[in-house]
Amino acid sequence: MSFYLRTAKGRIPQRSRASMRLATSIILTGYPLGALIALNSGLAGEGGAAFALYLTGIAAIVIALSAFFYIAPSYMQRIVGEQPGELDELERDLRQRAYAFAYHVLTGLVAASIFYLAVANDDTRLTLWTPDSYTHWNTIFWGVLLYCFTLPTAYLAWTMPDIAHEFSEEEAGAEPARKPRARWWLWGLMVAGGIGGFILARLIT
Amino acid sequence: MSSPIYNRLPVLRAERGLSRKALADAVGVNFQTIGYLERGDYSPSLELALKLSEYFELPVEMIFSLREFQPLSSLAAKGGQ
């Protein structure tokens, strides 16, 4: 699962490999770090120090999210997030490799997290932190989503050769060979689902 | 590990005064893919190789090779001897 922010005419803003590496690193480290600081700011007490810690955590999260919206319309994000029919053979090949890498990392993280939760819930002699409120689980949900969207792109940023400087300005600003088409049926399905869900909810309650 | 595939795409493109974008549009890929092909960072599928061969009106083995192509200057020198 990934996310790609397609621009109106399908033009892809240029992002250097160095900036993509930096942005993906900021996302992958900034969000968990910010979440940990914000959620645990209460440990610093009730005063201004706790509030300052909370704001620091929120700032780190905002920086991570801004970095995500920097990479969202990029060529690398297009490879992992665009509909497969819009990609050429090299891009589909790169997507497979990026997804395989992300799968290995995510399954490792999920296994480690479940092991941690099992230990934290089982052994009462240890006072390990576990998520126990809506805020905790909400933060984890958005973090997992952000990792799903960013890990494949991070793989590409660290493995693809940097050839952006070889292209002329005309080439770099060109629209993709396969121009994206609006999937009206998909939008129709989403709107119909929303209306159907709303009606169903009203009928049940 | 697969062996590298060498190609004459930059020479053929320069010969015909084509941009990467023009060649990419002609064979239905994105211009970045032509860039990766030219650098040898990517080996094309049989389909793409055949499309390029058809576009340049040359046999596939004149565009792609498992062995490094000799520079045209050295070929010309041999021909002159």
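Line order of the protein sequences matches chains A and B. If you count by my numbering, then the first sequence holds residues 62 to 266, one letter each, in order. If you count by my numbering, then the second sequence holds residues 112 to 192, one letter each, in order. For each residue, glycine too, the CB sits at the ideal point set by N, CA and C.
By DSSP's assignment, residue 118(B) forms a beta bridge with 175(B). In this structure, 80(A) is the residue among 116(A), 223(A) and 80(A) with its C-alpha nearest to the C-alpha of residue 132(A). With a contact defined as Cβ atoms closer than 8 Å, residue 159(A) and residue 141(A) qualify at about 5 Å. In chain order, 160, 161 and 164 place their CB closer than 7 Å to the CB of residue 171(B), counting only its own chain and leaving out the 5 sequence neighbours on each side.
Proximity of residue 118(B) to chain A, defined by a Cβ-Cβ separation below 8 Å, is not satisfied. Between residue 209(A) and residue 63(A), the beta carbon gap of about 7 Å places them in contact (Cβ cut-off 8 Å). Straight-line measurement puts the Cα of residue 186(B) at about 40 Å from the Cα of residue 218(A). Residue state for residue 157(A) is assigned as helix, using DSSP reduced to three classes.
Less than 8 Å separates the beta-carbon of residue 149(B) from that of residue 120(B).
For a cut-off of 8 Å, the C-beta gap from residue 212(A) to residue 166(A) is around 6 Å, short enough to register as a contact.
Restricted to the stretch 140 to 216 of chain A, the alpha helix (DSSP H) segments that are unbroken, complete and at least 4 residues in length are 150 to 183, listed in chain order. Between residue 189(B) and residue 163(A), the alpha-carbon positions lie close to 52 Å from each other.
At a cut-off of 8 Å between beta-carbon atoms, residue 222(A) makes contact with chain B. The three-state secondary structure of residue 140(B), taken from DSSP, is coil.
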